[in-house]
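Under the UniProt record's numbering, the first residue of the sequence shown carries the number 1, and numbering increases by one thereafter.
Even for Gly, the Cβ is constructed at its ideal location relative to N, Cα and C.
Inspection log for the structure reproduced underneath, given as structure tokens.
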Amino acid sequence: MPPAKKRTRSYDPARTRAAVLAQFAHVRDAVRTLTPEQSARPTRLGDRTVHELAVHLALTVDAVARAVAEPAPPAAELTLLEWPFAPAPDWERAAGQDLSTLYEEVAARAEAAAPPARLVSTSYGAMSLGDFLVTRTVELCVHTDDLNAAVPGLSVPYDRQALAACTRLLADALAAKAPGGSVEVRIPPYAVVQCVAGPKHTRGTPPNVVETDPLTWLRLATGRESWSEARDAGALAASGERADVSALLPLRG
């Protein structure tokens, strides 16, 4: 069943674009320090190496400049809240790609700008540039977490605005997938949503509450971590008979 229609949260295009560039800069600084041995390390993404992950991160940002350079499509095909449920395209393989050169080229092209309402063609379907930029915060933050998990001690930081946009979009996707008001999901300091059909909470302490931190949430929402793993680690609290929403996760692979 497709997710129900839900009013899309408003994102400031200028702040979102700045967040994408800031998070890309964090990744770029970290990638510059990778040794050949670290680049060859495995990741939690099947058979993909750290080198392939780093290439994919660069291409995630470069997709914006490439889309802006192409003619605008005639009509939108995808809304922002539909994007998390759209099938992800296959990764571009570039085993021999020099990372320093790639990141320099992408950084130069990333300065290209266009009106946020302009439609762009993407691998997922035509959507507005402003919405596409929000999706880049998800790709960047999720794969930054993958990179940190693959290379102990790398510790790539997260731009606050990028992590906020990522958290909010994935939280809104849960609310769209299971509309209702019986469960309140809290991801401080960035998002609070209500979801799951049933008695709607209006005042006082909600009877069903889920609370976790932003990084745990993005791992849950993308299948990097299971509900039980997060709960057993003390990173997830759920109270109330309806609070277990594990059957709704992950939202995106």
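Among the options, nearest to residue i - alpha-carbon criterion
i: residue 176; options: 251, 210, 135, 151; result: 251
i: residue 117; options: 43, 10, 96; result: 10
i: residue 44; options: 164, 147, 211, 227; result: 147
i: residue 217; options: 229, 208, 206, 207; result: 229
i: residue 224; options: 58, 119, 150, 122; result: 150
i: residue 16; options: 72, 47, 136, 107; result: 136
i: residue 82; options: 153, 98, 134; result: 134
i: residue 212; options: 196, 199, 132, 235; result: 235
i: residue 64; options: 127, 98, 87, 171; result: 127
i: residue 50; options: 62, 30, 66; result: 30
Identified DSSP bridge partners for residue i
i: residue 195; result: 183
i: residue 128; result: 119
i: residue 236; result: 212
i: residue 49; result: 42
Assigned exposure category for residue i - 16 Cβ within 10 Å defines buried
i: residue 110; result: buried
i: residue 205; result: exposed
i: residue 182; result: buried
i: residue 42; result: exposed
Terminal residues of the alpha helix (DSSP H) in which residue i lies
i: residue 27; result: 13-31
i: residue 104; result: 99-109
i: residue 78; result: No alpha helix (DSSP H) holds residue 78; DSSP gives it neither H nor E.
i: residue 160; result: 160-177
Check whether the stretch 23-40 and the stretch 62-79 touch, using three or more Cβ-Cβ pairs below 8 Å as the test. no
Is the stretch 132-144 touching the stretch 156-170, taking contact as three or more C-beta pairs under 8 Å? yes
Using 8 Å as the cut-off, can you tell me whether the stretch 47-61 makes contact with the stretch 87-107, which would need three or more C-beta pairs spanning the two stretches below that distance? yes
Determine contact between the stretch 22-32 and the stretch 117-128, defined as no fewer than three beta-carbon pairs at a distance below 8 Å. no
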